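In the working numbering, the protein residues as written are 4 to 191.
Beta carbons are placed, not taken as given, at the ideal position from N, Cα and C, and that holds for glycine.
Because the structure is a prediction, the values reported are computed rather than measured.
Here the structure comes first, spelled out in structure tokens, and everything after it is commentary.
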């Protein structure tokens, strides 16, 4: 519970571990530009660590009102987006100390996934409420909602999102045992 471990891929051996929380770690994000890992936990906190050393840099104790389920660094690493069981979408400015830039009730239920378009044009959130939402990365304005009732989308929780690196396609995976490829040419 709450243990982050570095493994040697060749040997399969544990190299080192660090206890971050007394509760489960729910998600990780890596930012090569900052040499940083961010970990979200069931204790409502976000932990920032040096990627090489696993040294704790910052802890945002009350990042969300419930478990942190997803984290995603913006291209270039200037901001971190977080989503949680509280259905809140938050944006954090990453200077010397993380500062809250934006917080909004983005979905009806848990935000399970955040994914940035490869060119940084949009980002998407996927939720237990079965919807996918497209957002403006500069203003955090909601641009479009994709859901089952209007768009033939998922009928159960949207668990993961992935932007295809060479096409304007957003791929979603759901508890309904389907994956959908959304063509978002020129979207929203």
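Note that the stretch 159 to 169 touches the stretch 130 to 144; at least 3 beta-carbon pairs, one per stretch, sit closer than 8 angstroms. For residue 67, the closest of 4, 75 and 48 by C-alpha to C-alpha distance is 48. Annotation: the continuous beta strand (DSSP E) that includes residue 75 extends over 71 to 76.
Between the C-alpha atoms of residue 64 and residue 28 there is a straight-line separation of about 14 angstroms. Beta-bridge partners assigned by DSSP to residue 130: 114.
Residue 75 counts as buried, since at least 16 other C-beta atoms from the protein chains shown sit within 10 angstroms of its C-beta. In this structure, DSSP gives residue 11 an extended state, which the three-state scheme calls strand. For the 7 angstroms CB-CB criterion, residue 130 and residue 157 do not form a contact. Proximity of the stretch 53 to 63 to the stretch 90 to 107 meets the contact definition, three or more beta-carbon pairs being nearer than 8 angstroms. In the same chain as residue 8, and ignoring 5 residues on each side of it, the C-beta atoms closer than 6 angstroms to its own belong to 17 and 20, in chain order. A distance below 7 angstroms separates the beta carbons of residue 51 and residue 41. The three-state reading of DSSP puts residue 60 in strand, counting E and B together. If you draw a straight line from the Cα of residue 111 to the Cα of residue 13, it comes to about 43 angstroms.
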